[in-house]
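Structure, as structure tokens:
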Amino acid sequence: MRILLTGGAGYIGSHTLLELLSDGHELCVTETFANSSPEALRRVAGLTGRSFRTETADVCDTARMTRILQDFRPEAVVHFAGLKAVGEGEAEPLRYYATNVGGTVSLLAAMDAAGCRKVIFSSSATVYGDPAYLPYDENHPLAPTSVYGRSKRMAEQVITDWARATPGASGVLLRYFNPVGAHESGRIGEDPQGIPNNLMPFIAQVAVGRRAALGIFGDDYDTRDGTGERDYLHVTDLARAHAAALAYRPAPGQAEAFNIGTGAGVTVQEMRRAFSQACGRDLPFEVLPRRAGDLPAYYADPAMARDKLNWQARLGLTEICESTWRWQSANPEGYRS
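Every number in the numbering used here is 2 more than the matching position in the sequence shown, counting from 1.
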């Protein structure tokens with residue numbers, strides 16, 4: 003299959019690129035490299051021994067995307083490109099809506115011009131907002147509480163309306179929970195710029211000495227050990243979910259949503275202890291006040307992905323921590339190492 007990936011050099015994009023190349027697909031990646039590194043693409047090429055097309059392009063540039071799509075003629079597009087820091091979104095809402103919603107509109111217009119009728123969308127569990135019940139299933143009310151979550155919800159609606167109105171079009175909306183881990187080779191992984199927003203890269207940076215201690219925001223939640231509980235999903239399993247979504251055939255005119263998670267929660271302290279075991283030393287931590295808006299727990303009901311996509315997570319906490327440590331210890335400065 004000929005597949006175009008927007009944002010294919012990012013954390014999830016690069017792992018999915020590797021998975022799809024390994025499966026024998028023909029790939030084109032579009033990137034701005036604003037939040038990613040060309041080195042990730044070089045490493046993917048080295049790991050797979052396969053070449054692929056790379057184009058520097060912003061999804062908001064409809065004319066440029068149209069030219070690329072008309073030339074490459076993909077059978078499907080996987081749309082990763084976007085902004086994803088929750089705090090930054092609150093400070094810069096117009097930028098987030100312009101990129102995450104406007105970029106999706108632009109991409110679909112370019113796909114229309116090129117006759118491409120299938121899109122796999124990188125969505126987020128943040129579209130659900132505070133839990134009315136757990137685990138979240140796909141029928142849970144959609145009430146996102148952040149600009150980032152609302153931008154993802156709006157983009158989902160844009161894709162849903164496009165699929166309904168465009169003959170032969172369909173979409174798959176993958177609602178990720180918490181992607182973590184790295185490729186088993188240790189050659190590609192998560193490389194956040196500045197202070198990490200997520201738990202796993204923060205733990206990894208403590209382990210290599212880039213940060214003094216892990217900050218734990220609250221230890222008095224109603225969970226097993228008082229620390230926040232999340233559904234952590236190995237990025238290799240997430241890459242496999244995209245391959246499964248590409249093989250899936252939604253009914254024409256439909257955009258179907260799927261939760262992509264393990265279905266089980268892991269607390270911050272459980273993650274810290276597992277990573278301490280992987281790296282061979284007890285990682286220091288300090289308990290800080292709760293952050294406004296943080297939930298005690300959230301995790302997925304992934305039954306629909308299992309039943310319709312024939313996908314389920316295979317890798318657990320041990321593989322998550324060991325692969326992250328392999329990546330971080332070999333690349334203490336990320337792709338700049």
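Backbone N, C-alpha and C fix where the C-beta goes; we use that ideal spot for every residue, glycine too.
Open item on the list: Let me confirm a value: residue 180 is counted as buried when at least 16 other C-beta atoms fall within 10 Å, else exposed. Which label applies?
Closed with: When all chains shown are included, residue 180 counts as buried.
Task: Option nearest residue 222 by Cα separation, candidates 335, 215, 292 and 109 - done: When only C-alpha atoms are compared, the closest one is 292.
Open item on the list: Within 10 Å of its beta-carbon, does residue 320 have 16 or more other beta-carbons around it, so buried, or fewer, so exposed?
Closed with: The Cβ neighbour count for residue 320, taken over all protein chains shown within 10 Å, is under 16; the residue is labelled exposed.
Task: Contacting residues, own chain, Cβ-Cβ under 6 Å from residue 15 (five flanking each side not counted) - done: Here the set comprises 7, 9 and 82.
TODO: Taking 8 Å as the threshold, find out whether the region 323 to 331 comes into contact with the region 119 to 129 through three or more Cβ pairs.
DONE: Counting Cβ pairs under 8 Å, fewer than three are found: no touch.
TODO: Apply the 10 Å Cβ neighbour rule to residue 261 and answer buried if 16 or more other Cβ atoms are within range, or exposed otherwise.
DONE: When all chains shown are included, residue 261 counts as buried.
Open item on the list: Let me check understanding here. Comparing Cα to Cα, which of 318, 54, 248 and 302 lies closest to residue 134?
Closed with: It is 302 whose Cα lies nearest to the Cα of residue 134.
Task: Coarse secondary structure for residue 17, derived from DSSP in three states - done: Looking at residue 17 - three-state DSSP - the assignment turns out to be helix.
- [ ] May I ask you to list the residues that DSSP assigns as paired with residue 55?
- [x] In DSSP, residue 55 forms a bridge with 30.
- [ ] Tell me where the beta strand (DSSP E) around residue 258 begins and ends.
- [x] From DSSP, the beta strand (DSSP E) with residue 258 extends over 257 to 262.
- [ ] Provide the residue(s) that pair with residue 218 in DSSP beta bridges, ordered along the chain.
- [x] Within the DSSP secondary-structure output, residue 218 pairs in a beta bridge with 289.
- [ ] Starting from residue 121, trace the beta strand (DSSP E) both ways and give me its first and last residue.
- [x] Counted as a single uninterrupted DSSP element, the beta strand (DSSP E) harbouring residue 121 occupies residues 120 to 126.
Task: Simplified DSSP state of residue 236, which is helix, strand or coil - done: Assigned with DSSP and collapsed to three states, residue 236 falls in strand.
Open item on the list: According to DSSP, simplified to helix, strand and coil, what is residue 95?
Closed with: Three-state DSSP puts residue 95 in a helix.
- [ ] Measure the alpha-carbon distance for residue 150 versus residue 106 and round it to whole angstroms.
- [x] Using only the alpha carbons, I get a separation of about 14 Å.
- [ ] Write down the C-beta distance between residue 208 and residue 216 rounded to the nearest angstrom, noting that I regard them as a contact closer than 8 Å.
- [x] About 5 Å; that satisfies the 8 Å criterion.
TODO: Whole angstroms is fine: what's the gap from residue 142's alpha carbon to residue 40's?
DONE: Roughly 38 Å between the two C-alpha positions.
Task: Close Cβ partners of residue 323 (< 6 Å) along its chain, the five nearest in sequence each way excluded - done: The residues are 276, 277 and 280.
- [ ] Within 10 angstroms of the Cβ of residue 256, are there 16 or more other Cβ atoms? Answer buried if so, exposed if not.
- [x] Exposed is the call here.
Task: Alpha-carbon to alpha-carbon, residue 104 and residue 70 - done: Rounded to whole angstroms, residue 70 to residue 104 spans 18 Å at the Cα level.
Task: Opening and closing residue of the alpha helix (DSSP H) in which residue 205 lies - done: That run of the alpha helix (DSSP H) goes 201 to 209.
Task: Terminal residues of the alpha helix (DSSP H) in which residue 115 lies - done: Run containing residue 115: 105 to 116, per the alpha helix (DSSP H) assignment.
Open item on the list: Would residue 203 and residue 186 qualify as a contact pair, given that the criterion is a beta-carbon distance under 9 Å?
Closed with: It is not a contact, given that the beta carbons lie outside the stated cut-off.
Open item on the list: Looking at residue 58: is its Cβ nearer than 9 Å to the Cβ of residue 34?
Closed with: Against a cut-off of 9 Å, the Cβ pair of residue 34 and residue 58 comes out as a contact.
Open item on the list: Please classify residue 233 as buried or exposed, where buried requires at least 16 other C-beta atoms within 10 Å of its C-beta.
Closed with: Buried, since its Cβ has 16 or more Cβ neighbours within 10 Å.
Task: Cβ distance (whole Å) where residue 64 is taken to contact residue 112 below 8 Å - done: Contact flag correct, Cβ pair sits at about 5 Å.
TODO: Within the same chain, show all residues whose beta-carbon is closer than 6 Å to that of residue 77, passing over the 5 residues directly before and after it, in chain order.
DONE: 3 and 4.
TODO: Quickly, what does DSSP pair residue 300 with across the bridge? List them, please.
DONE: Answer is 232.
TODO: Work out the CA separation of residue 91 and residue 184 for me, nearest whole Å.
DONE: If I take the Cα positions, the gap works out to 26 Å.
Task: Proximity of residue 289 and residue 231 at Cβ, strictly below 9 Å - done: Remark: C-beta atoms of residue 289 and residue 231 do not approach each other more closely than 9 Å.
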